[in-house]
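Written out below as structure tokens is the structure these notes cover.
Residue numbers (the numbering used here), protein chains in the order written: chain A, 44 to 371; chain B, 44 to 371; chain C, 44 to 371.
Laid out in structure tokens, this is it:
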């Protein structure tokens, strides 16, 4: 199902996975996010390019921070945001979900931000409706705006996307269940980043090479040679009964503690998609100096502004913003 | 308790039941909703005639889609909307409900949209406060904005309210518990529509004629001669233990399935207040071509804009909009 | 930890307790709230001095009405408000709470309104972040904006703060657990008001004099000589097992019923922070004529507007509004 649209037709498009975007479009999004950062720092003014647009959030899994990031991004561009909440999200059958989306569209929404436990649900919804659909995480599949925001953070930290070539990023944790890891691998590989996946065997994907990545079961082996250590959130309930029969054994082998932190190169940085589970994947009060974690949150909003702008603003749809159409 | 106000005094008025409105006012509302549709199609712009107004939603029964319809309608006119949510709705005693309404008014609200399981609750609230009260469904009594929106949909489908005269509308389902059916009967009868209520005996009102309607226990007898088939939502929990001891028996007799659909006149249409319970009152994938269901949702927002405009906009209060006061 | 800032540096400041404010600043806030009232009555227009600001509400204890009061106050000044809701409030450890606040700040919030069961939590948060923190009630400690709004109500009722000197205010109820009582004592004492705390021994603070107040266990002894009777909300669950083994015995001794109401001076007034527990601290239908309760709600919004304006509006930070900077 090809979500790309012809250059000449100003139709809505969706963002359900990283492969929906060309390299050129990714670079445009990073550039646009950077423009928003400048606007914010210079004038503190929000834009209203999406005035009279309505964005709906439809989260079948709770995540206040991700939902708020999308909400604030859309509102900063002047859009109204409605949260469909639990009751409209509580539909279970495919047909009902389609009816729900038809209703959301008929209520006047232009875009819907979807988080769903099932892989492919946002793509399915995009095939049913005229709404622009943004995937806010679908099962163990993808979380594209997180990866895009992180690319933006990396670009800012290293002086541009072009400087990311040959940088080494270790992603640490439950790789098997991580949609963030999947989207990151898909995105970073395109720009020459070398990714190594780190975690215990029962949390590792079967074929890391299919994600274009190396892998390791030993964080200590990797930690001294990274430019970026990207920690994933470890969910206590998931770890029980796995290879590591206890949080303690995971923590001992994969936590970024003070000792491992000191082995990292002095120019390296620490990232995490949040919320941080202090005392598990990251020790308390470690990584304060080289952490990009708060920046990732800030940049996530700016990148989501870029994404909404790209898929909803007619000045952007179909490619580059037209002359005079940019709303700076 | 007469909610009508004198023409000369610009006081707030409420909409608690269809009989609150004169025929002339109903036609004004349809016309206003049509104007909003034109504005939307032409310019995509929202109005701000209710800028600085605050509308509160107070739902003692959950309904995200109805609440959002009111919310988007008020916001499109520039109003702020606050949802009083569960905790302020969890009052149980009459005296406390009055205190709650006094608080809502003191917080600065101008109108309150109320859904309540008890018949007459919105009217009671309207007698206590200066707030404009809009009934969003009270028990088995009325749901006036749904009926008004549906009248607007019918008017659009048949080329004007005047063309509805002598049209035949069958309302099918649990008539006994349906506030939508009551408001529709009250409204459609005024404009010459012939209404027939269809459902099993235990779901039928005692005196259909008191609602100005005919009745039938047999959908097959009716389906070939309708201009409109209006299906009601069947609640699975309600049907148990009733005349029809199972969903299966209800479905067999009253579901709009492919066979019944083909017996409908080719110019007839299908309506439903939503959300559709697919596989019960309506078979999966039936009625796609002649369905007004999505239009009803869209028109519901436009009609609620007209209602808010009528009861809150000083240019409208007391009768016709004044010259030059219209906010198009 | 001194939250006051130098006059020359336009940094954010917080309001965690009454002692954060100088007498002069309190009077400024009352004057500002009065200005907002005039603006509202004259023109019904909201201000937009806080356009592009974001205020977050973080309530670890539910209170829809207080949250809405803050929300409407911020929105009337043009700010956006995001509610962090239950899930982000469900953090339990201090470190996580700090991470939550860092996230809220990174998402773009400028201020956070905090209600927390632990005394001192808002002050702790203020020490961690750059966010302006407003205490919306912390345990049994303080609820400063309630007290400031009440001072404004009293000032309006008696013709100015200067006229409050030597007025006698009785605060009645569960003094021991009341943050409202603490903030009121701290505030009213500064302006010459004589406060007497009234309640059963097991609901009385150990040292009323430390709050600058007298005390009494007998409402009947006090009620004839007050200018203001300030009733506190009695929580049924708290009263069980205490000195008064039943609601009945509390009600008998401390409820404002018709008889006690008639013993009050004819010029005296009745106040309550809401929501009123009818039939417990206040009899049904008593005090209608001399009640300031609805006014307190209205004035609470206006005072919170003044507070937001003071701590966020650069024209106000560092002291008096600058010439020409006032946003009327």
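Even for Gly, the Cβ is constructed at its ideal location relative to N, Cα and C.
Can the beta-carbon of residue i be found closer than 8 angstroms to that of residue j?
i                      : j                      : result
residue 112 of chain B : residue 342 of chain B : no
residue 176 of chain A : residue 70 of chain A  : no
residue 95 of chain A  : residue 123 of chain B : no
residue 338 of chain B : residue 196 of chain B : yes
residue 319 of chain C : residue 299 of chain C : no
residue 248 of chain A : residue 265 of chain A : no
residue 354 of chain B : residue 55 of chain B  : yes
residue 296 of chain B : residue 311 of chain B : no
residue 236 of chain A : residue 257 of chain A : no
residue 227 of chain B : residue 214 of chain B : yes
residue 127 of chain A : residue 107 of chain B : yes
residue 190 of chain B : residue 61 of chain B  : yes
residue 223 of chain A : residue 275 of chain A : yes
I need the DSSP call for residue i, collapsed to helix, strand or coil.
i                      : result
residue 273 of chain C : strand
residue 215 of chain C : strand
residue 376 of chain C : Residue 376 of chain C is absent from the structure shown; chain C starts at 44 and stops at 371.
residue 198 of chain A : helix
residue 325 of chain B : strand
residue 93 of chain A  : coil
residue 307 of chain A : coil
residue 84 of chain B  : helix
residue 146 of chain B : helix
residue 289 of chain C : coil
residue 181 of chain B : strand
residue 136 of chain C : Unreliable placement is indicated for residue 136 of chain C, whose pLDDT of 49 sits below 50; the coordinate value is still reported in the next sentence. Residue 136 of chain C falls in the coil class under three-state DSSP.
residue 159 of chain A : strand
residue 264 of chain C : helix
residue 208 of chain C : coil
residue 257 of chain B : strand
residue 103 of chain B : coil
residue 299 of chain A : strand
residue 333 of chain C : coil
residue 164 of chain C : helix
residue 154 of chain A : strand
Quick one: is the Cβ of residue i within less than 7 angstroms of any heavy atom of the ligand NAD?
i                      : result
residue 241 of chain B : This structure lacks the ligand NAD; in fact it carries no ligand of any kind.
If we ignore side chains and look at the alpha-carbon of each, how far apart do residue i and residue j end up?
i                      : j                      : result
residue 278 of chain C : residue 289 of chain B : 47 angstroms
residue 136 of chain A : residue 168 of chain A : Unreliable positioning characterises residue 136 of chain A in this predicted model, as indicated by a pLDDT of 49, which lies under 50. A coordinate reading is not provided.
residue 302 of chain A : residue 89 of chain A  : 43 angstroms
residue 63 of chain B  : residue 75 of chain B  : 18 angstroms
residue 321 of chain C : residue 147 of chain B : 17 angstroms
residue 351 of chain A : residue 110 of chain B : 25 angstroms
residue 194 of chain B : residue 115 of chain C : 35 angstroms
residue 219 of chain B : residue 141 of chain B : 30 angstroms
residue 232 of chain C : residue 188 of chain A : 54 angstroms
residue 39 of chain A  : residue 345 of chain A : Shown here, chain A extends from 44 to 371; a query on residue 39 of chain A therefore has no answer.
residue 99 of chain C  : residue 156 of chain C : 6 angstroms
residue 139 of chain A : residue 245 of chain C : 57 angstroms
residue 92 of chain B  : residue 154 of chain B : 15 angstroms
residue 377 of chain A : residue 105 of chain B : Nothing in the structure corresponds to residue 377 of chain A, since chain A is present only between 44 and 371.
residue 83 of chain A  : residue 327 of chain B : 49 angstroms
residue 294 of chain A : residue 216 of chain A : 10 angstroms
Nearest chain D C-beta to residue i closer than 8 angstroms, yes or no?
i                     : result
residue 88 of chain B : You won't find chain D in this structure, because its protein chains are A, B and C.
Discussion item. So if I threshold CB-CB distances at 7 angstroms, which residues from the segment 322-355 of chain C count as touching chain B?
Written reply: 327, 337, 340, 341, 344
Do the segment 175-184 of chain A and the segment 196-214 of chain A touch if we need at least three Cβ pairs shorter than 8 angstroms?
no
Please identify, using Cβ separations under 8 angstroms, the residues of the segment 287-319 of chain C that lie next to chain B, in order along the chain.
Cβ proximity to chain B below 8 angstroms picks out 317, 318, 319 from the segment 287-319 of chain C.
key: Members of the segment 58-92 of chain B that neighbour chain A once the beta carbon cut-off is set at 7 angstroms   = 87, 88, 89
_Positions along the segment 138-152 of chain B whose CB lies within less than 8 angstroms of some CB in chain C_ = Those residues of the segment 138-152 of chain B that come within reach of chain C (Cβ to Cβ, closer than 8 angstroms) are 138, 139, 142, 143, 145, 146, 148, 149, 150, 151.
Is there contact between the segment 152-171 of chain B and the segment 294-310 of chain B, where contact requires at least three CB pairs shorter than 8 angstroms? no
- Message: Whether or not the segment 251-259 of chain A and the segment 268-279 of chain A are in contact is what I'm after, with contact meaning three or more pairs of Cβ atoms, one per stretch, closer than 8 angstroms; do they touch?
- Response: no
- Task: Could you list the residues in the segment 96-107 of chain B with a C-beta less than 8 angstroms from some C-beta on chain C, going in chain order?
- Result: Listed by position along the chain: 97.
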